[in-house]
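**Student:** The sequence shown begins at 45 in my numbering and counts up one residue at a time.
Where is the CB? At the ideal position from N, CA and C, for every residue including glycine.
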Amino acid sequence: MLYNIDMQVCGLIFDLVLIFFVIRHESVGLYSEKIFKQCLFVYSCCIILDIASIIAIKNDHVVSPFVVTAACKLYLISLMLSALYGFLYSYSDIKHLRDNLTFKKIVYTVALLGGIVIAILPISTFDNGGEVYSYGPSAVATYFFAPLFIVGAFVLTFIYGSQMNIHKRRAIRAWMSLEIIAALIQFMLPELLLVGFGSSLGLFILYAELENPERYLDKVTGCFSYDTFNMYLTQEFSELKRFSSIIICNSADWKRSEEEENSILVEMTEYLHSFGAKLFRLQGNDFVLVYDNQGEHEMNEIESAVNLDVMRLRFKQAWNGDILLNTKFLYIPDGHIATTFDEYMDIYSRYKDTFTNAEDMKTLDDQAGQSIREYRQIVLEIKDALSSDRVEVFYQPIYSISTEKFVSAEALARIRGKDGKLVMPGKFIPVAEETGLIEQIGERVFEKTCKCITEDKLKEKGIDYVEVNLSVSQCENPHLSAKYDDIMKKLGVSPSEVNLEITESSTLNQRSILLENMNKLMNLGCNFSLDDFGTGESNLNYIMDMPVKIVKFDRGMVQEYFTNEKARVVITATVNMIKELGLQTVAEGIETSEQFEEIRELGIDYIQGFYFSKPLEKNEFIRFINEKNS
Ligand code: C2E
Ligand code: MG
Ligand code: MG
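#1: Would you mind sorting residue 665 into buried or exposed? The rule is 16 or more other CB atoms within 10 Å of its CB.
#2: Quick check: residue 246 and residue 219, are their CB atoms within less than 8 Å of each other?
#3: Starting from residue 456, follow its DSSP beta bridges and name the residues at the other end.
#4: Tell me where the alpha helix (DSSP H) around residue 136 begins and ends.
#5: Which parts of the stretch 50 to 133 are runs of the beta strand (DSSP E), unbroken and 3 residues or longer, counting only runs that do not cross its ends?
#6: Does DSSP put residue 175 in a helix, a strand or coil?
#7: With DSSP as the reference, identify every bridge partner of residue 325, one or two as the case may be.
#8: Quick check: residue 357 and residue 329, are their CB atoms within less than 8 Å of each other?
#9: With residue 454 and residue 652 assumed to form a contact (beta carbons below 8 Å), what rounded beta-carbon distance in angstroms separates them?
#10: Given this structure, state the Cα-to-Cα distance separating residue 265 from residue 312, to the nearest angstrom.
#11: If you check the beta carbons only, do residue 249 and residue 215 fall under 8 Å apart?
#12: How about residue 528 and residue 572: do their beta carbons lie closer than 8 Å?
#13: In chain order, what residues place their C-beta within less than 6 Å of a heavy atom belonging to ligand 3?
#14: In angstroms with no decimal places, state the Cα-to-Cα distance between residue 599 and residue 633.
#15: Check whether the Cβ atoms of residue 122 and residue 86 lie closer than 8 Å to each other.
#16: Three-state secondary structure (DSSP) at residue 363?
#17: Quick check: the stretch 57 to 76 against the stretch 254 to 268, are there 3 or more CB pairs under 8 Å?
#18: Please classify residue 648: does DSSP put it in a helix, a strand, or coil?
#19: DSSP state of residue 621, grouped into three classes?
#20: Does the distance from the C-beta atom of residue 166 to that of residue 178 stay below 8 Å?
#21: For residue 514, is the beta carbon positioned less than 7 Å from some heavy atom of ligand 1?
#22: Runs of 3 residues minimum, wholly inside the stretch 282 to 319: which ones carry the beta strand (DSSP E) assignment?
#23: Taking 8 Å as the limit between beta carbons, can you name the residues of its chain near residue 627, skipping five residues before and five after?
#24: Spatial neighbours of residue 294 within its chain, please: C-beta separation below 7 Å, excluding the five flanking residues on both sides.
#25: Can you check DSSP and say which residues form a bridge with residue 512?
#26: So, residue 378 versus residue 282, is the Cβ gap smaller than 8 Å?
#27: Taking the alpha carbon of residue 590 as the point to measure from, which residue in 612, 604, 579, 566 has its own alpha carbon closest?
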C-alpha cells in the first residue's frame with residue numbers, strides 16, 4: 045500500500061532531531077525558550093496526526109468513518125494550533141503583550157472558535173490510490189483560522205519590531221513566510237502535502253537563529269553566560285519570582301596563564317554544577333548560582349544556605365592540584381532585595397570588594413537593596429542637578445585674627461533639590477567621588493566661584509581669595525591645571541584670588557600628577573591649602589612633602605583640643621611646628637566665643653566656624669561681608 049507521506053516523514057525527522065538537540069541541554073527557563081519547546085511539541089503532534097489521518101483515509105474500508113473523520117479533524121485543529129504557537133512565540137519577548145489579559149482572551153477565543161468550527165463543519169476525503177488528502181468546509185475553515193495567526197505574527201514583527209532583536213524579527217518573518225508559501229501551495233494543489241514540512245523547516249530556522257541552547261552558554265566553562273543571566277533575571281523580576289542566590293567572587297586577577305585559568309574555571313564549573321541550581325558566569329572569574337527550582341521560596345533559602353556551607357569548605361581547598369584561591373561569597377537569600385537586573389548587579393559590584401581578610405562571606409538583605417536604591421537615586425539627582433544647573437555654591441566666611449576682618453571664604457557645594465530643599469555635601473560628595481561625577485561638580489563649583497569673585501568684586505570687599513575644594517580624582521586628572529587655567533582666563537580671575545584645598549588621601553594613586561598639577565597652578569599664581577588636617581588621613585610628613593601655604597585643622601581635631609588634655613599638648617606643639625615651617629593655619633568648626641578665645645591664644649591665623657557664620661548662599665554672603673568688613 046502506497047502512502048503519500050514522504051514530506052511528512054521528512055518533517056517529522058527534522059522535528060525529532062531538533063527535539064534531541066533541545067533536550068540535550070539544561071534549559072535556562074526563559075519564556076521564549078518554553079514557548080519554543082511547546083511549538084516543537086505541537087508541530088510534531090501535527091505531523092503525526094497528518095500521517096495518522098492519511099493512514100486512516102487509506103484504510104477507510106477497515107476503520108470506521110468516525111475514526112477517519114476524527115483523525116482528519118484533529119489534524120486540522122493541530123494545524124491551526126501550530127499557527128497559534130507561532131503567533132505566541134512571536135511576542136514572547138514583549139512583556140506588556142504577554143501580560144495583557146484582554147489581548148490574551150481575544151487570541152484564545154479566536155483559537156477556541158476556530159477549533160469548534162473545524163470540529164463541527166463536514167469534511168471529505170480524497171483517495172485516488174496514489175494521492176490522499178482531506179478537503180471540504182472543515183479544511184476551508186482551517187485555511188481561514190490558521191493564516192489569521194500566521195499573518196498576525198508577521199504583523200507583530202512590524203508593529204513591535206523595535207522591541208525584538210533583529211535576529212528574532214528576521215527569523216519569525218522567514219518562518220511565517222515559509223508557512224504561508226507551503227499553505228498556499230497546499231491550498232492550490234491539495235495533493236502536495238507541504239504544510240508539515242514547511243513548518244518544520246521554519247522551526248529549524250528559528251532554532252539556528254535564536255533557540256540554539258548553545259547561545260545561552262559561556263564559551264569557556266559551558267555554564268550559562270552573563271547575557272543569559274541578564275535575560276533570566278530580567279524575567280524573574282518581571283514575573284516577581286522569588287529566588288535565592290550565591291555569588292562566588294573569585295578575585296578577577298589570578299595571575300595565571302589563560303590556559304591554567306580556564307582549567308580552574310572548568311573544574312569550578314563542574315563542582316558548582318553539582319548543586320543542581322542554575323549556574324551563570326559573571327564578568328571576570330565570578331559565578332552566580334540561582335535557586336528558583338522549588339515552588340516555595342523557603343525551600344530555595346534552605347537549600348542555598350546548606351549548599352553555601354558545603355561550598356565554603358571546598359573553596360578553602362586547592363583547585364587544579366595546588367592553586368589556592370581567596371574566594372568570597374555574597375549570599376542573597378531573597379533576590380528581591382533588588383528590583384531589576386541593573387540593581388542586582390549594582391549590589392554585587394558594590395559589595396564584592398568590601399570583604400575583610402578574615403571574612404569569606406556576607407549575607408545581603410533588604411538593607412543592601414535599600415542603600416543601593418538610595419545610592420542610585422543620588423547618582424540620578426547629581427546628574428540631573430548638573431544638567432539643569434542646580435549645583436549651587438555656598439560661601440563660609442573665614443576670619444583673620446590679625447586683621448580682625450573676613451579675608452577669605454570657603455566655597456562649598458550644595459545641590460538644590462527640585463523641591464527647593466538643599467542636599468548637603470555629606471550626602472552627595474561620597475557618591476560623586478565614587479562615580480567620578482565629582483570632577484564635574486568640582487569644575488562647576490570652581491566656575492561659579494570665579495564668576496562670584498569677578499562679578500561681585502570680592503577683592504574690593506576685602507576677600508583676598510576664596511578656598512575651593514579639590515577632590516582626589518580631580519588632582520589625578522592630568523588636564524586639571526589647563527582646565528582651571530582656562531576657566532580663570534575666561535572669567536578674568538587672577539589666580540592669586542583662589543586657594544585650592546587638597547586632602548591627604550589613601551586613595552591617591554598618582555601623586556606625580558597631583559604635584560605636576562600643583563606646580564603648574566602655582567606657577568600661574570594659585571596657592572594651596574591642606575584640608576582636613578587631623579582626620580587621621582593627614583600627617584606631618586605630608587605637610588613637608590606638599591607645597592601648601594595653609595593648613596586647615598579639621599573640626600574633629602579642634603574639638604579634641606577643647607576636650608582632651610593630651611590632644612591639647614600635641615596640637616599646641618603641632619601648631620608651633622607648622623608656624624615654624626612658615627605655613628599659616630585655619631581652625632575649622634569654631635562655634636562659641638569661648639572656643640574662639642582659646643583658639644586665638646593658641647596662635648591660629650584664621651577661623652572658620654558657625655561662631656561667625658554658617659556657609660551662606662551667595663547674596664547673603666555678599667550682604668554679610670558688606671556689613672562686617674565695612
Ligand atoms: P570641608 O572642606 O572640610 O568643609 C568644611 C565643612 O565644615 C563644611 O561642611 C562646613 O559647613 C562645616 N563647618 C564649618 N564650620 C563649622 C562649625 O562651626 N560647625 C560645624 N558643625 N560644621 C562646620 P559642608 O559644607 O557640609 O561640606 C562638607 C564637606 O564636603 C567639605 O568639608 C568638603 O570635604 C566636601 N565638599 C563640599 N563642597 C565640595 C566641593 O565643591 N568639592 C569637593 N571635592 N568637596 C566638597
Ligand atoms: Mg574644605
Ligand atoms: Mg576642612
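**Tutor:** Concretely, from the data shown:
#1: Walking along the sequence shown from the start, residue 665 turns up at place 621. Answer is buried; the Cβ neighbour count reaches 16.
#2: Within the sequence shown, the letter at position 202 stands for residue 246. Within the sequence shown, the letter at position 175 stands for residue 219. Yes, they are a contact pair.
#3: Residue numbering aside, residue 456 sits at position 412 when the sequence shown is read from its first letter. Bridge partners of residue 456: 438.
#4: Within the sequence shown, the letter at position 92 stands for residue 136. Careful: residue 136 lies outside any alpha helix (DSSP H) and carries neither H nor E.
#5: none
#6: Working through the sequence shown from its first residue, we reach residue 175 at position 131. Three-state DSSP puts residue 175 in coil, outside helix and strand.
#7: Translated into the one-based positions of the sequence shown, residue 325 becomes position 281. In DSSP, residue 325 forms a bridge with 331.
#8: For the purposes of this step, residue 357 is taken as residue 313 along the sequence shown, with counting starting at 1. For the purposes of this step, residue 329 is taken as residue 285 along the sequence shown, with counting starting at 1. No.
#9: Residue numbering aside, residue 454 sits at position 410 when the sequence shown is read from its first letter. Residue numbering aside, residue 652 sits at position 608 when the sequence shown is read from its first letter. Contact holds; Cβ gap of about 6 Å.
#10: Taking the sequence shown and counting its residues from 1, one reaches residue 265 at position 221. Taking the sequence shown and counting its residues from 1, one reaches residue 312 at position 268. Answer to the nearest angstrom: the Cα atoms are 9 Å apart.
#11: Here residue 249 corresponds to residue number 205 of the sequence shown, with the count starting at 1. Here residue 215 corresponds to residue number 171 of the sequence shown, with the count starting at 1. Contact: yes.
#12: Taking the sequence shown and counting its residues from 1, one reaches residue 528 at position 484. Taking the sequence shown and counting its residues from 1, one reaches residue 572 at position 528. No.
#13: 575, 576, 596, 598, 632
#14: Position 555 of the sequence shown, counting from 1, holds the residue named residue 599. Position 589 of the sequence shown, counting from 1, holds the residue named residue 633. Straight-line Cα distance between these residues: approximately 5 Å.
#15: On the sequence shown, residue 122 is found 78 positions in, with the first residue counted as 1. On the sequence shown, residue 86 is found 42 positions in, with the first residue counted as 1. The answer is yes: Cβ separation under 8 Å.
#16: Residue mapping note: residue 363 aligns to position 319 of the sequence shown, counting from 1. In this structure, residue 363 counts as strand in the three-state DSSP scheme.
#17: yes
#18: Locating residue 648 in the sequence shown gives position 604, counting from the first residue. Coil at residue 648, not helix or strand.
#19: Here residue 621 refers to the residue found at position 577 when the sequence shown is read from its first residue. Residue state, collapsed to three classes: helix.
#20: Numbered from its first residue, the sequence shown carries residue 166 at position 122. Numbered from its first residue, the sequence shown carries residue 178 at position 134. No, they are not a contact pair.
#21: Mapped onto the sequence shown, residue 514 falls at position 470. Checking the Cβ of residue 514 against ligand 1 gives yes.
#22: 288 to 293
#23: In the sequence shown, the residue the question calls residue 627 occupies position 583. Answer for residue 627: 587, 592, 593, 594, 595, listed in chain order.
#24: Start at 1 with the first residue of the sequence shown, and residue 294 comes out as number 250. 329, 330, 369, 371.
#25: For this step, residue 512 is matched to residue 468 along the sequence shown. BP columns for residue 512 point to 455, 544.
#26: Stepping through the sequence shown from its first residue, residue 378 is reached at position 334. Stepping through the sequence shown from its first residue, residue 282 is reached at position 238. Against a cut-off of 8 Å, the Cβ pair of residue 282 and residue 378 comes out as no contact.
#27: As a working note, residue 590 is residue 546 in the sequence shown. Answer by Cα proximity: 566.
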